[in-house]
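Notes for the one structure printed next.
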Amino acid sequence: MKTTSLLIAAATGAALLAATAVHAQTPSFFRIGTGGAGGTYFPIGGSIANAISNPPGSKPCEDGGSCGVPGLIAIAQSTNASVQNNAAVQSGELEAGMTAADTLLAMYKGTGDFEGKAHDKLRVLANLFPEDLHLVLPKGATLDGLGDLAGKRVGIAQAGSGTQVAVLQMLEAYGVTRDNMEEAELNNSQSADRLADGQLDAYFYAAGWPVAAMVQLSSTKGMNLYSFSEEELTKINEIIPSYIPSTIPGGVYEGVDNDTMTPAVSAMLVVSADQDDDLIYEITKALWNDNTRKLLDNGHAKGKQIRPETALAGVAGLGVPLHPGAERFYKEAGLLE
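At position 229 of the sequence shown the residue is numbered 696 (the numbering used here), and the sequence of numbers has no breaks.
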């Protein structure tokens, strides 16, 4: 009887110590810069944040709980997207950010609009999905070419976005600049609202389809998508090699029944070189955990395209290094030699 009491006391003590350890575990926060709520970065960022989080006291992965990094609380933070995200990761204001590949390269090297301002701490954690450039027009409206946007009211995406940087380069090749169009620096939701109210003639936004604000616009006021010509796609690729020809399938948006030819750029997840190698290793491992597949597949439609087999697509030729922690994971997983 005495022995039994001692065993019970020992077991109880061990349980109390374990519980105390869980409660005493200090959480660490990991902020992921995304984009506007009406775009694609924000919902995808939310899925990634859920996948890599494992707050103190969470049920263990093997028991059906979170399979994220123990003690980590990741937060998807709404931002103005690529430019702001890269700058914030460089400065340490954010731990991670989502970005278009062309903006990432320009900022890393300090070229183009970022001449002399190299963001040399940026490191790639993963390639995520292709972002298709949407040129949205009012229902029934058409353009004979990009040059027709001269003299019109055009949404060029918000300041601090990679979309705006790329769009201004594209339009300049067709003689359209801030001097001869009435530009509006708005996020996706604001642009959709202005177009619906007749305050814009067109607007650009690069995002993975379907884009929530456009789904709503197409099902209420209606809209058209501009289909780029082969000549335009070729010229855009020459100007911005990161933008390659792509297709938005007919039927993605109500009333837009035909396939839309458009340029697309890869969306990537970046972190700072200052981030601990072991932490980034664990985050990368959690991102590609089998349980993460459920979160990605059941969230935004583009989540289905975020897969380990394409995690390194285009990274080697981009010219921005992988973070050493991510690199270690990919080598161990057999995805990198």
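No residue lacks a Cβ here, since even glycine has one placed at the ideal position from N, Cα and C.
Expected contact under 8 Å - CB spacing of residue 667 and residue 680 to nearest Å: Their Cβ separation, rounded to whole angstroms, is 13 Å, which puts residue 667 and residue 680 out of contact at 8 Å.
Residue 497 versus residue 685: straight-line alpha-carbon distance, rounded: 36 Å
DSSP bridge partner residues for residue 522 (one or two, in chain order): Paired residue(s): none; residue 522 is not in a bridge.
C-alpha distance - residue 714 paired with residue 733, whole-angstrom precision: Taking the straight line from one Cα to the other gives about 14 Å.
Residue 644 to residue 617 span [Cα, whole Å]: 8 Å
Near the ligand ZN: residue 679 beta-carbon under 7 Å from a heavy atom: With respect to the ligand ZN, the structure offers nothing, as it holds no ligand at all.
Supposed close pair residue 589, residue 557 - CB separation, criterion 8 Å: 6 Å
Beta-carbon proximity of residue 751 to residue 793, cut-off 8 Å: yes
Cα-Cα separation between residue 662 and residue 670, rounded to whole angstroms: Distance between the alpha carbons of residue 662 and residue 670 is about 8 Å.
C-beta atoms of residue 629 and residue 569 nearer than 8 Å: yes
Check whether residue 501 and residue 549 have beta carbons under 8 Å apart: Taking 8 Å as the Cβ cut-off, residue 501 and residue 549 do not qualify as a contacting pair.
Inter-residue Cα distance where the pair is residue 613 and residue 623: 13 Å
Validate contact between the region 511-525 and the region 750-764 using beta carbons, cut 8 Å, 3 pairs: yes
Beta-carbon spacing of residue 606, residue 689 below 8 Å: With respect to residue 689, residue 606 sits close: the two C-beta atoms are nearer than 8 Å.
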